[in-house]
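Below: the structure, in structure tokens.
Protein chains in written order, with my numbering: chain A, 1 to 379; chain B, 1 to 499.
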């Protein structure tokens with residue numbers, strides 16, 4: 001009887017009767033393997049732009065369709081081109097600024113629900129532009145190669161910290177804020193490493209997402225302050241002009257942050273942030289004397305402290321704890337975890353945040369010069 | 001499955017006695033009529049024509065010098081023998097007047113025929129129904145060489161040969177105690193092939209010995225010419241491609257099996273020995289495992305297990321991934337495969353099957369041709385056909401690589417029989433993967449595990465030691481001083497093997 005059942009099952013599967021129980025076969029040669037998705041606001045809802053990477057001499061394929069929902073637009077894309085559009089390898093998503101400002105929820109929801117997609121997708125927001133323009137800016141080379149390089153650069157500290165859809169979704173699920181890397185669509189010029197199109201994508205700081213919507217962008221010192229406070233420094237360069245002396249370039253190598261909540265009369269009133277920074281002399285015109293090294297260290301602490309303060313001020317201004325200060329405070333005072341959680345939302349904007357920076361500058365291998373503590377930088 | 005059940009069949013009784021001719025020189029000559037190698041000559045004892053004996057033998061089976069020196073010379077020159085009365089002469093010849101080591105008194109034609117077949121000569125006495133047979137067999141045989149199928153880097157280099165007695169001697173030289181039992185059975189109506197069963201008394205399971213002997217005794221066939229003639233009659237099941245007995249050319253490996261409690265079988269004319277029962281871990285071990293460092297041996301065993309999975313699953317995994325689950329392929333590899341497949345007109349299954357079959361054809365062609373030509377065909381065929389198929393866009397390069405890796409991984413199996421079984425299952429799993437992707441592949445693997453779990457060899461589960469609580473011992477080769485127990489053949493006796 002068992003044997004009969006087994007044969008029946010096998011024959012039904014082989015004859016096609018059991019097709020519903022089997023996965024659907026599709027040859028890879030007939031597929032367009034998408035790498036990048038771009039989402040923008042369109043008149044009738046959403047514009048979805050997708051792109052493959054350049055492969056074996058074949059130019060990248062970019063397709064675009066609109067629809068009332070992301071799923072609809074994705075279905076519409078399927079009818080374009082001469083290949084089956086496969087989303088299983090999408091690992092990059094660009095969000096237009098307007099769409100991000102309206103909310104990233106629909107995009108995340110599509111990523112979570114679509115079987116071919118996943119939440120491991122890296123996210124970017126295109127500052128001041130549309131995602132479709134950024135995707136088409138890749139030209140024949142395709143935008144995926146440029147975004148791949150930005151991911152690598154992020155790992156090396158040469159670009160912004162990455163953010164996956166999973167991370168964004170988990171942050172939003174907690175009702176918290178976060179920041180995701182931003183890109184700027186700039187005219188291409190010789191030597192910018194562009195992919196041969198008329199425009200190229202450049203790192204553009206961070207987009208702050210609060211309650212699922214874009215609230216502001218952080219650039220320059222603010223963006224660097226975010227990286228310092230996130231302990232995600234990757235070797236950015238700090239130039240310091242000594243008074244009457246040489247210009248010294250430092251490579252920031254490590255950031256170690258601790259955050260202590262301050263309570264007065266049982267109420268949370270502030271945060272004391274201590275940041276230990278390590279840097280190495282990357283370039284100098286002549287050997288630094290101990291006194292000059294102290295001066296360099298002082299200037300280094302001051303400069304980096306100002307960057308962190310700038311990021312913190314923006315965080316408090318927008319009432320968006322994208323730096324995860326609540327979590328840091330709870331970790332350092334586990335016994336007050338509930339108290340902090342209870343008052344955080346109401347009191348975050350009014351907290352007094354003190355930043356203390358301790359700089360350590362290494363001028364050559366094996367010779368570490370400990371910087372002098374200069375007290376707290378302006379908080 | 002029913003179609004593989006051993007057919008009880010029609011009665012095929014053995015004729016008793018086999019030869020009806022009388023036990024006389026004429027009777028023998030009648031039995032051997034039209035046999036140019038049967039020889040008969042009259043011998044005068046001490047040169048006396050009144051005392052004529054008849055000597056019969058099969059030319060080529062006897063060694064002429066032995067007959068001349070040990071039989072004919074004393075008959076012609078021994079005066080005591082020449083003066084003896086016939087009754088006395090018979091007794092003297094049986095008990096040492098002839099110098100031959102072996103002397104047997106025979107009373108039936110069947111007995112004499114068996115003796116002639118192994119190289120004895122027969123002496124007939126006028127007026128007596130009994131005869132004497134003297135073993136004077138030739139020892140012409142292939143000299144002991146190296147085990148070509150199981151080469152040794154470090155260790156013994158002798159190999160079994162076609163002579164049964166030489167093989168038992170090689171075993172006896174390694175295991176010198178009388179507890180090494182060797183019992184002989186004659187198999188084959190037409191070939192009368194001796195088959196010896198060897199075991200260590202007190203170590204091997206007596207039930208297994210009994211079963212092995214019973215199955216050999218139950219063999220009623222024309223003869224044993226190939227290894228399959230013996231293997232297929234003594235194994236438990238025929239509905240499996242997996243070997244249920246382990247065979248080896250190496251006497252040292254054979255002796256190791258005996259000491260571990262297995263039962264050995266040697267057969268005249270077969271340059272190998274069998275070890276019973278066969279369990280799956282045996283087919284991943286080599287004699288080299290015990291000659292090198294235990295860590296290295298363990299690593300190599302793990303590598304063989306890994307290669308087993310690769311050779312079995314890689315083509316199926318490729319088909320499943322490319323046809324059903326492209327998302328599981330890393331992005332850059334997927335892009336490469338996709339680009340290559342765009343020019344190939346065939347589905348992935350067809351590509352893989354083409355290459356698998358081409359691989360088998362090349363292998364078969366290489367085996368059938370003489371050595372150097374075979375190698376040339378294999379190399380040229382592999383290179384030319386493979387690259388030409390890729391150039392012609394018949395298959396994609398990834399398929400060529402997957403099939404080649406799977407094929408080469410299969411060659412790491414110490415047992416060719418086991419590797420052949422994997423080759424067969426590989427086709428099935430690939431087809432299943434093309435039907436249901438990973439689901440089909442997993443179902444196929446489940447069917448394979450179920451099949452293996454259902455196999456037994458002489459009462460021992462085929463998946464021993466993994467199903468007998470000694471999983472680690474099946475893969476890891478522990479330092480030999482720690483291997484204090486004989487592994488893998490439950491229920492053996494006297495389990496402890498060292499202090």
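We put the CB at the ideal spot given by N, CA and C, even for glycine.
- Between the stretch 304 to 311 of chain B and the stretch 288 to 295 of chain B there are fewer than three inter-stretch CB-CB distances shorter than 8 Å, so the stretches are not counted as touching.
- When DSSP reads this structure, residue 284 of chain A sits in a beta bridge with A/248.
- With respect to the 8 Å criterion, residue 188 of chain A and residue 207 of chain A are not classified as neighbours on the basis of their beta carbons.
- Proximity of the stretch 318 to 329 of chain A to the stretch 234 to 247 of chain A falls short of the contact definition, fewer than three beta-carbon pairs being nearer than 8 Å.
- Residue environment for residue 293 of chain B: exposed (fewer than 16 other C-beta atoms within 10 angstroms of its C-beta).
- Residue-level contact check: residue 337 of chain B touches chain A, since one or more beta carbons of chain A fall below 8 Å from its beta carbon.
- Note that the stretch 108 to 124 of chain A touches the stretch 71 to 88 of chain A; at least 3 beta-carbon pairs, one per stretch, sit closer than 8 Å.
- The C-beta of residue 436 of chain B comes closer than 8 Å to at least one C-beta of chain A.
- Around the beta-carbon of residue 283 of chain B, 16 or more other beta-carbon atoms lie within 10 Å, marking it buried.
- Residue 241 of chain A is bridged by DSSP to A/247.
- Taking the Cα positions, residue 461 of chain B is about 26 Å away from residue 7 of chain A.
- Residue range 165 to 173 is occupied by the alpha helix (DSSP H) that includes residue 165 of chain A, with no beta strand (DSSP E) assigned at that position.
- In the DSSP assignment, residue 303 of chain B falls within the alpha helix (DSSP H) that extends over 294 to 323.
- Within 7 Å of the CB of residue 89 of chain A, the CB atoms of chain B belong to 327, 331, 334, in sequence order along the chain.
- For the stretch 203 to 219 of chain B, there are no residues whose beta carbon sits under 7 Å from a beta carbon of chain A.
- Under the three-state reduction of DSSP output, residue 19 of chain B falls in the coil class, being neither helix nor strand.
- Excluding its 5 nearest sequence neighbours in each direction, residue 266 of chain B has C-beta neighbours in its own chain below 7 Å: 164, 167, 168, 196, 198, 273, listed in chain order.
- When the beta-carbon positions are compared, residue 45 of chain A and residue 79 of chain A stay at least 8 Å from each other.
- In the DSSP annotation of this structure, residue 70 of chain B is not part of any beta strand (DSSP E), being labelled neither H nor E.
- Residue environment: residue 77 of chain B is assigned as exposed (fewer than 16 neighbouring CB atoms within 10 Å of its CB, all protein chains considered).
- Measuring C-alpha to C-alpha distances from residue 52 of chain A to each of A/147, A/119, A/99 identifies A/147 as the nearest.
- By the criterion of a C-beta distance shorter than 6 Å, residue 27 of chain B is surrounded in its chain by 21, once the five residues flanking it on both sides are discounted.
- Note on geometry: alpha-carbon atoms of residue 237 of chain A and residue 276 of chain A lie some 17 Å from one another.
- Per DSSP, reduced to three states, the secondary structure at residue 494 of chain B is coil, with no helix or strand assignment.
- Nearest in C-alpha terms to residue 201 of chain A, of all of A/164, A/259, A/131, is A/131.
- Ranked by how close their Cα comes to the Cα of residue 316 of chain A, the residues A/345, A/9, A/4, A/11 have A/345 in first place.
- Under the criterion of beta carbons closer than 8 Å, residue 53 of chain B and residue 45 of chain B qualify as touching, at roughly 6 Å.
- The stretch 300 to 351 of chain A contains, as complete alpha helix (DSSP H) runs of 4+ residues, the segments 325 to 332, 337 to 347 (chain order).
- Distances from the alpha-carbon of residue 285 of chain B to those of B/368, B/171, B/366, B/416 put B/416 closest.
- Contact between residue 95 of chain A and residue 125 of chain A holds, with the beta-carbon distance rounding to 5 Å and staying under 8 Å.
- Relative to residue 407 of chain B, the option among B/303, B/426, B/219 whose CA is nearest is B/426.
- Assignment of beta-bridge partners to residue 53 of chain B by DSSP yields B/43.
- When rounded, the separation of the alpha-carbon atoms in residue 251 of chain A and residue 180 of chain A is 24 Å.
- In the three-state reduction of the DSSP assignment, residue 255 of chain B falls in the helix class.
- Note: residue 106 of chain A is not bridge-paired with any residue in the DSSP secondary-structure output.
- Residue 353 of chain B is outside the set of residues whose beta carbon lies under 8 Å from a beta carbon in chain A.
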